[in-house]
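Following: one structure in structure tokens, then a few remarks.
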Amino acid sequence: MFKKFLTFLGLFAFPKLLLSDDNFRELSTHSATTLYTIEGIILAPGPGLRVGSQWPADIKLSIDNGEYQGFVRRDGNFMISGIPAGSYVLYAHHADIFFQPIRVEIARNGNIRARQLSHIKPSHVIKLPYPLLLKPLERRKYFRTREQWNLLDYVLNPMVLLMVVPLLMMLLLSRLITDPETKREIESIQFPQIPNNMPDLGDLLASFVTGKRLPEKKKPTAGTAYKRRN
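Mapped onto mature numbering (1 follows the signal peptide of the UniProt record, and there is no 0), the consecutive letters of the sequence shown carry residue numbers -20 to -1, 1 to 210.
What follows is the structure in structure tokens.
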């Protein structure tokens, strides 16, 4: 009786053991993802960038802000291994040289494509060759160049223009106008004059402080004018 029970238990549990073994194999295959390698070369900087001969040792490669890192060999070649399929951004960091970041896309079949990274126009795609070819663009600028004195800036100053331009126009008009009658008309133009009965500034301040009204100036009459003449 006990042997029959063990036989029945073995027949019932053996398929489950096989099923669990198959599930374990399936999970292990899914967990073991394929890893890929990004390769490329960095061109040597020109003499205008003023970089020493040890520039490859000063460059550090990073993908997605340091999630994957790599270094450059003496000949300029580099390899970053252990990267799964996906879309990444490759940065080349150097203290004195600026490199343009590159978008790298790795497909599940192992196909690797590269294009320029543009935050302003992400839909504008510019494909790059693979293996990658990184070229130093320019030297980094940590300080702004001090502006020097320029004569053009002084001439274009608004205050200078307000003083000089009217003077030049008057000189040019006097030279351009050759008709004597026109000159006489311009000279005969009467500009508005300030009346003589305007109060003095000192009197205005004194009346404002003391609260008294200013004495009105008497207009000269005909009789007084006649007496003064005599």
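In this text, a Cβ means the ideal position worked out from N, Cα and C, and glycines have one as well.
Worksheet entry | Neighbourhood of residue 140 by C-beta distance below 8 Å, restricted to the same chain and skipping five residues each side | For residue 140, where only same-chain residues beyond five positions count, the Cβ hits under 8 Å are 134.
Discussion item. According to DSSP, is residue 162 part of a helix, a strand, or is it coil?
Written reply: Look at residue 162 here: in three-state DSSP terms it is helix.
Worksheet entry | Buried or exposed by the 16-neighbour rule on C-beta atoms within 10 Å, applied to residue 186 | Counting the other CB atoms within 10 Å of its CB gives residue 186 a total below 16, which places it among the exposed residues.
Worksheet item: Nearest to residue 86 by CA position, among 69, 98 and 115, is which residue?
Response: Ranking the options by Cα distance to residue 86, first place goes to 69.
Worksheet item: Nearest to residue 51 by alpha carbon, out of 34, 65, 117 and 67?
Response: Ranking 34, 65, 117 and 67 by Cα distance to residue 51 puts 34 first.
Practice prompt. Have a look at residue 61 and residue 18 and give me their C-alpha separation to the nearest angstrom.
Written response: Near 6 Å, if we compare the C-alpha coordinates of residue 18 and residue 61.
Worksheet entry | Proximity of residue 23 and residue 107 at Cβ, strictly below 8 Å | The Cβ atoms of residue 23 and residue 107 lie no closer than 8 Å to each other.
Discussion item. Considering just the uninterrupted stretch of the alpha helix (DSSP H) at residue 98, what are its terminal residues?
Written reply: Neither: residue 98 is in no alpha helix (DSSP H) and is coded neither H nor E.
Discussion item. For the structure I just gave you, are there three or more beta carbon pairs, one from the stretch 141 to 149 and one from the stretch 42 to 51, closer than 8 Å?
Written reply: The answer is no - the stretch 42 to 51 does not touch the stretch 141 to 149, with fewer than three Cβ pairs under 8 Å.
Practice prompt. Under 6 Å Cβ to Cβ from residue 105, same chain only, skipping five residues before and after it: list those, please.
Written response: Taken in chain order, the residues that qualify are 95.
Discussion item. Would residue 20 and residue 113 be called neighbours here (beta carbons separated by less than 8 Å)?
Written reply: A contact, by the Cβ cut-off of 8 Å.
Discussion item. Comparing C-alpha positions only, which one of 111, 58, 64 and 88 sits nearest to residue 15?
Written reply: Answer by Cα proximity: 64.
Item to complete: Please state whether DSSP places residue 31 in a helix, a strand or coil.
Response: Looking at residue 31 - three-state DSSP - the assignment turns out to be coil, as it is neither helix nor strand.
Fill in: Nearest candidate by alpha-carbon position, reference residue 56, set 71, 123 and 39
Minimum Cα distance to residue 56 is reached at 39.
Worksheet item: Should residue 58 be labelled buried (16 or more other beta-carbon atoms within 10 Å of its own) or exposed?
Response: So residue 58 counts as buried.
Practice prompt. Tell me whether residue 122 sits in a helix, a strand or coil according to DSSP, three-state version.
Written response: Note: residue 122 maps to coil in three-state DSSP.
Worksheet item: What separation, rounded to the nearest whole angstrom, lies between the Cα atoms of residue 110 and residue 101?
Response: Cα to Cα, residue 110 sits roughly 22 Å from residue 101.
Discussion item. Taking the straight line between their C-alpha atoms, what separation do you get for residue 41 and residue 97?
Written reply: The alpha-carbon atoms of residue 41 and residue 97 are separated by roughly 16 Å.
Discussion item. Suppose the cutoff is 6 Å on Cβ atoms and the five residues either side in sequence are ignored; what does the same chain contact list for residue 46 look like?
Written reply: The answer is none, since no qualifying residue turns up.
Worksheet item: From residue 30 to residue 81, what distance separates their C-alpha atoms?
Response: Computed Cα separation, rounded: 22 Å.
Worksheet item: On the premise that residue 120 lies in contact with residue 78, defined as a C-beta separation below 8 Å, what is that separation, rounded to the nearest angstrom?
Response: The beta-carbon distance between residue 78 and residue 120, rounded to whole angstroms, is 5 Å. This is short enough to meet the 8 Å contact definition.
Worksheet item: What are the start and end residues of the beta strand (DSSP E) that includes residue 154?
Response: Counting along the chain, no beta strand (DSSP E) covers residue 154; the unbroken alpha helix (DSSP H) around it starts and ends at 138 to 156.
Worksheet item: Where does residue 37 land, buried or exposed, given buried means 16+ other C-beta within 10 angstroms?
Response: With fewer than 16 other Cβ atoms within 10 Å, it is exposed.
Worksheet entry | residue 131 - DSSP class collapsed to helix/strand/coil | Note: residue 131 maps to helix in three-state DSSP.
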